[in-house]
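Quick note, the sequence shown lines up with residues 26 to 82 if you use the numbering used here.
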Amino acid sequence: MLRKLQTLGVDPIGFGLRYRATHYEREKDWERWKAICPRLDWQIKVNIDLVGSGGIK
């Protein structure tokens, strides 16, 4: 899903907003982010704890 969003050039999760909020004084950094973002390689690890399986009738 993240790769599809990258190819479309959208950021609905807000990674760019978070980056810009922490680098608010550096316009060059923002331009660099816009150039780097489409080429990012994602490494995601998910941990799930099942609390219950639900009721069965």
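Where is the CB? At the ideal position from N, CA and C, for every residue including glycine. Computed from a predicted structure; not experimentally measured.
My guess is that residue i and residue j are in contact by the Cβ rule of under 8 Å, so how many angstroms apart are they, rounded?
i, j, result
"W67", "G41", "In fact, because the Cβ distance is near 15 Å, the residues do not count as touching under 8 Å."
"W14", "R45", "It is not possible to answer for residue 14, since the shown part of the chain is limited to 26 through 82."
Residue range of the alpha helix (DSSP H) that residue i falls in?
i, result
"E50", "Looking at the DSSP string, E50 is not in any alpha helix (DSSP H), and its letter there is neither H nor E."
"K29", "L27 to L33"
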